[in-house]
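Using this note's numbering, the letters of the sequence shown map in sequence onto residues 42 to 180. Backbone N, C-alpha and C define an ideal beta-carbon position, used for all residues, glycine too. Everything on this sheet refers to the single structure shown next.
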Amino acid sequence: MGASAATARSQQLRHPPGRAGAGPLVAIAAFGGLWLVAALVAGVPRWTAGLYGVASLVCFMAYAQDKSAARRGGWRTSESSLLLLGLVGGWPGAILAQRWLRHKSSKVSFQAAFRATVLLNVGAFATLAVARHRGWVTW
42 MGASAATARS QQLRHPPGRA GAGPLVAIAA FGGLWLVAAL VAGVPRWTAG LYGVASLVCF
102 MAYAQDKSAA RRGGWRTSES SLLLLGLVGG WPGAILAQRW LRHKSSKVSF QAAFRATVLL
162 NVGAFATLAV ARHRGWVTW
């Protein structure tokens with residue numbers, strides 16, 4: 042395999058077909074809809090939207106700092122830290138950073154872990170919303 046074929050194969054591994062598209066943005070919009078239903082039906086407090094907003098901003102800034110450090114060869118933010126920020130509610134900001142900054146968007150192993158953290162966060166939110174609706178928790 043020549044150099045150009047090896048480069049093309051490397052690009053295929055890092056950029057799986059159909060990877061991006063509108064899916065990530067649809068996920069953010071769908072979560073917004075889920076939050077709205079949870080707020081109206083289950084009485085989820087409005088401050089939770091602010092929590093997601095602040096966490097998303099912090100997460101976006103962490104991705105931007107890491108992208109800048111990667112370009113200049115400086116100190117990097119660990120992938121586990123970026124994943125943790127997404128897990129605690131910053132995943133919408135992470136999605137936007139991955140798309141707008143083109144950072145951590147093509148590493149297949151990171152994307153698999155990231156998707157798992159999004160599912161865990163949304164699952165926890167939905168579980169807490171149902172628990173609130175049934176009167177099992179108050180917050």
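Could you tell me the distance, in whole angstroms, from the CA atom of residue i to the CA atom of residue j?
{"i": "G130", "j": "L81", "result": "20 Å"}
{"i": "A172", "j": "L75", "result": "15 Å"}
{"i": "V149", "j": "Q139", "result": "13 Å"}
{"i": "V178", "j": "V85", "result": "11 Å"}
{"i": "F166", "j": "P65", "result": "18 Å"}
{"i": "A111", "j": "R117", "result": "7 Å"}
{"i": "L77", "j": "V163", "result": "13 Å"}
{"i": "P133", "j": "I69", "result": "6 Å"}
{"i": "L142", "j": "A79", "result": "31 Å"}
Give the DSSP-derived three-state secondary structure of residue i in the structure shown.
{"i": "T48", "result": "In this predicted model, T48 has a pLDDT of only 47, less than 50, meaning its place in the structure is not dependable; the value taken from the coordinates is given anyway. Note: T48 maps to helix in three-state DSSP."}
{"i": "A172", "result": "helix"}
{"i": "P133", "result": "helix"}
{"i": "T179", "result": "coil"}
{"i": "W116", "result": "coil"}
{"i": "R156", "result": "helix"}
{"i": "V85", "result": "coil"}
{"i": "R140", "result": "helix"}
Can you give me the start and stop residues for the alpha helix (DSSP H) that residue i sits inside?
{"i": "G73", "result": "64 to 78"}
{"i": "W88", "result": "88 to 113"}
{"i": "S147", "result": "Unbroken run through S147: none, as it is neither H nor E."}
{"i": "S121", "result": "120 to 126"}
So, under 8 Å CB-CB, residue i and residue j are touching, yes? Tell me the CB distance rounded to an integer number of Å.
{"i": "L128", "j": "T158", "result": "4 Å"}
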